Amino acid sequence: MDISTLVPIFIGLIFLIVIVGLIYAVVSAIAKWHHNNQQSVESVSAQVVAKRIRVSGRSSPNYDGTLTAGRRTTTFYYCTFEDPQGTRREFRVAGSEYGQLVEGDLGTLTYQGSRYKSFQRQ
Numbered sequence: 003m004d005i006s007t008l009v010p011i012f013i014g015l016i017f018l019i020v021i022v023g024l025i026y027a028v029v030s031a032i033a034k035w036h037h038n039n040q041q042s043v044e045s046v047s048a049q050v051v052a053k054r055i056r057v058s059g060r061s062s063p064n065y066d067g068t069l070t071a072g073r074r075t076t077t078f079y080y081c082t083f084e085d086p087q088g089t090r091r092e093f094r095v096a097g098s099e100y101g102q103l104v105e106g107d108l109g110t111l112t113y114q115g116s117r118y119k120s121f122q123r124q
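For the sequence shown, position 35 matches number 37 in my numbering, and the numbering has no gaps at all.
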């Protein structure tokens with residue numbers, strides 16, 4: 003086979019992989035959303051046992067060559083809660099709630115499936 007024949011096949015294959023990946027991501031998100039909607043809303047006694055942050059984005063070079071956070075960074079906040087039976091659940095929470103929660107806080111955790119609803123401190 004000639005390279006001029008392989009290049010369009012390779013480009014088409016890459017395009018197909020990207021399209022299939024996007025379709026998979028959309029279907030997975032819809033399935034997770036539907037699954038969470040089918041779950042009952044539960045409230046349990048819980049303790050905040052851990053907190054973490056994940057920053058996603060790009061850095062852009064400054065004029066002096068150093069790197070700084072670009073305008074396209076996003077911060078995700080996560081809290082792990084433990085119920086009296088020892089079951090741990092980690093949820094993504096809003097930044098405003100993340101700042102108010104302290105490891106060791108006791109209260110009532112409300113969630114639906116993998117969807118965080120609230121945490122009311124005692």
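Backbone N, C-alpha and C fix where the C-beta goes; we use that ideal spot for every residue, glycine too. In this text, all values refer to a predicted model and were calculated from it rather than measured experimentally.
Give me whichever residues DSSP pairs with residue i in a beta bridge.
i	result
L111	V46, F121
I55	Y79
Let me make sure I understand the geometry here. Which of the options has the alpha-carbon closest to that of residue i?
i	options	result
Q85	E99, A52, V29	Here residue 85 is Asp; the residue named in the question, Gln, does not match the sequence. Out of E99, A52, V29, A52 has the C-alpha closest to the C-alpha of D85.
C81	Q124, S120, A33	S120
Q114	S58, V9, Q87, S42	S42
L103	S45, L24, Q124	Q124
Q49	T7, V9, Q87	Q87
E99	G59, I55, W35, H37	I55
Count the other CB atoms, across all protein chains shown, that sit within 10 Å of the CB of residue i; report buried if there are 16 or more and exposed otherwise.
i	result
F78	exposed
F83	buried
Y118	buried
L111	buried
**Request:** Would you be able to state if there are at least three C-beta pairs under 8 angstroms between the stretch 14-32 and the stretch 93-113?
**Result:** no
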